[in-house]
Amino acid sequence: MKTIHHITRRQAWEEVLRSGSYRAESLLTEGFIHCSTPAQVLKTADRFFKNQTGLIILYIDVDKVESEVKYELADNELFPHIYGALNIDAVYQTIDFESRHNYFV
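If you read the sequence shown in this note's numbering, its first letter stands for residue 93, the second for the next number, and so on.
As structure tokens, then:
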């Protein structure tokens with residue numbers, strides 16, 4: 093299984109569980125959902141989510157994602173982007189993600 097990660101608000105994910113698919117704000121504004129490889133999660137969290145609370149990390153099985161997943165260059169690295177809604181059955185685990193001290197990597 094090939095895993096990618098997405099950081100989001102716990103409350104947003106709980107709402108998604110009732111609706112059936114996930115559409116991050118970036119899907120509307122940029123055309124894709126930002127994700128990270130396991131090795132990129134800390135860098136992503138430090139850059140975009142520093143000092144935020146109420147976050148979770150989605151563990152996503154790339155092979156189960158129904159929308160197209162592209163690896164694209166950003167900051168001299170290839171980051172996974174999901175071009176469309178994320179079907180919730182592709183998410184096989186979530187973990188709370190509150191602070192730098194609780195990072196899992």
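Note that the Cβ used here is the ideal one computed from N, Cα and C, for glycine as well.
Quiz prompt | CB of L147 within 8 Å of CB of R110, strictly | solution = The residue you call residue 147 lines up with position 55 of the sequence shown. The residue you call residue 110 lines up with position 18 of the sequence shown. Remark: C-beta atoms of L147 and R110 do not approach each other more closely than 8 Å.
Exercise. Throw me the rounded Cβ distance for the L97 and L150 pair, which I believe falls under 8 Å.
Key: What you label residue 97 is simply residue 5 of the sequence shown in a count that begins at 1. What you label residue 150 is simply residue 58 of the sequence shown in a count that begins at 1. Here the sequence assigns His to residue 97, which means Leu is not the residue at that position. Contact flag correct, Cβ pair sits at about 6 Å.
Exercise. Within the same chain, show all residues whose beta-carbon is closer than 7 Å to that of Y114, passing over the 5 residues directly before and after it, in chain order.
Key: The sequence position of residue 114 within the sequence shown is 22, counting from 1. Leaving aside the five residues that flank Y114 on each side, the residues in its chain whose CB is nearer than 7 Å to its CB run, in chain order, V108, A177, L178, I180.
Exercise. Excluding the 5 residues preceding and the 5 following E160 in the sequence, name in chain order all residues of the same chain whose CB lies nearer than 8 Å to its CB.
Key: Counting from 1 along the sequence shown, the entry for residue 160 is found at position 68. Within the same chain, E160 has close Cβ partners I174, Y175, G176.
Quiz item: Taking just the CA atoms, how far does Q132 sit from K156?
Solution: The residue you call residue 156 lines up with position 64 of the sequence shown. The residue you call residue 132 lines up with position 40 of the sequence shown. Cα-Cα distance, rounded: 21 Å.
Self-check item: Spatial distance of H126 from E158 (CA atoms)
Solution: Start at 1 with the first residue of the sequence shown, and residue 126 comes out as number 34. Start at 1 with the first residue of the sequence shown, and residue 158 comes out as number 66. Rounded to the nearest angstrom, the two C-alpha atoms are 16 Å apart.
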